[in-house]
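Enquirer: In my numbering, the protein residues as written are -7 to 165.
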Amino acid sequence: MASVPELAPDSQIAPDSDRATSCTAQDVARGVSRLLWHAGIAPLTEVPLGNGRRADVVGLGSDGLITLVEIKVSLADLRGDAKWPEYLDYCDRYYWAVPPGFPLGDFDSEWFQPARAGLIIADRWDAAIVRPAAWVRLNAARRKAETLRFARRGAQRLLWLGDPGADEGLRLP
-7 MASVPELAPD SQIAPDSDRA TSCTAQDVAR GVSRLLWHAG IAPLTEVPLG
43 NGRRADVVGL GSDGLITLVE IKVSLADLRG DAKWPEYLDY CDRYYWAVPP
93 GFPLGDFDSE WFQPARAGLI IADRWDAAIV RPAAWVRLNA ARRKAETLRF
143 ARRGAQRLLW LGDPGADEGL RLP
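1. Using 8 Å as the Cβ pair cut-off and three pairs as the minimum, do the stretch 14 to 22 and the stretch 53 to 66 touch?
2. Please classify D155: does DSSP put it in a helix, a strand, or coil?
3. Name the DSSP bridge partner or partners of L111?
4. Does G72 pass the burial test, meaning 16 or more other C-beta atoms within 10 Å, or should it be called exposed?
5. Is R26 close to the ligand ATP? I mean its beta-carbon at under 6 Å from any heavy atom of the ligand.
6. Counting pairs of Cβ atoms below 8 Å between the stretch 22 to 38 and the stretch 109 to 124, do you hit three or more?
7. What residue range does the alpha helix (DSSP H) around V24 cover?
8. Among A147, W127 and I33, which has the Cα closest to the Cα of D81?
9. Assign W29 to one of two classes, buried (16 or more other C-beta atoms within 10 Å of its C-beta) or exposed (fewer than that).
10. Check R145 in the structure and name its three-state DSSP category.
11. Pick helix, strand or coil for A34, following the three-state DSSP scheme.
12. On the three-pair Cβ rule with 8 Å, is the stretch 132 to 150 touching the stretch 41 to 52?
13. Are three or more beta carbon pairs between the stretch 32 to 40 and the stretch 93 to 106 nearer than 8 Å?
14. Return the chain-ordered ranges of every beta strand (DSSP E) run that is complete within the stretch 45 to 108 and spans a minimum of 3 residues.
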């Protein structure tokens, strides 16, 4: 079995808190994507899942393990998100990602499952793990379905880059 890529906590690369005031979800997604890529995990953003939800960032490791990252840039959005547990059945590892300066206290509450969900601080240039996520393996059928969905979505995006009108309004399921 291939070794599981680890995203180790690393305070050395923590983003500069002076940049926090202007961080958008897209900025955080960029930093998270860079973190995943450097860990050997291929990231895609805005990925539809089999349950109809959309993940902010999904990463696929060379070993087939799936990492899902949900981004929050406002406390109101975090506290109002009652759907997030529905993502857990679509990944082997789940992280929250927030910009520097985001209040972290809620992530220690039982609702946010701190024993399962990891925590990433990210801006558009960098990201750092402040709490590792637990590995909870997907069943084989779900892994296959989500891996195929990931691959098809990536191929679709490459097609659009080379030929933006290629789909004529069609979207992959």
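Even glycine gets a Cβ: it sits at the ideal position worked out from N, Cα and C.
Expert: In terms of the structure at hand:
1. yes
2. coil
3. W88 and R123
4. exposed
5. Questions concerning the ligand ATP fall outside what the structure shown contains, since it holds no ligand whatsoever.
6. yes
7. A17 to H30
8. W127
9. exposed
10. helix
11. strand
12. yes
13. no
14. 46 to 53, 58 to 63 and 85 to 90
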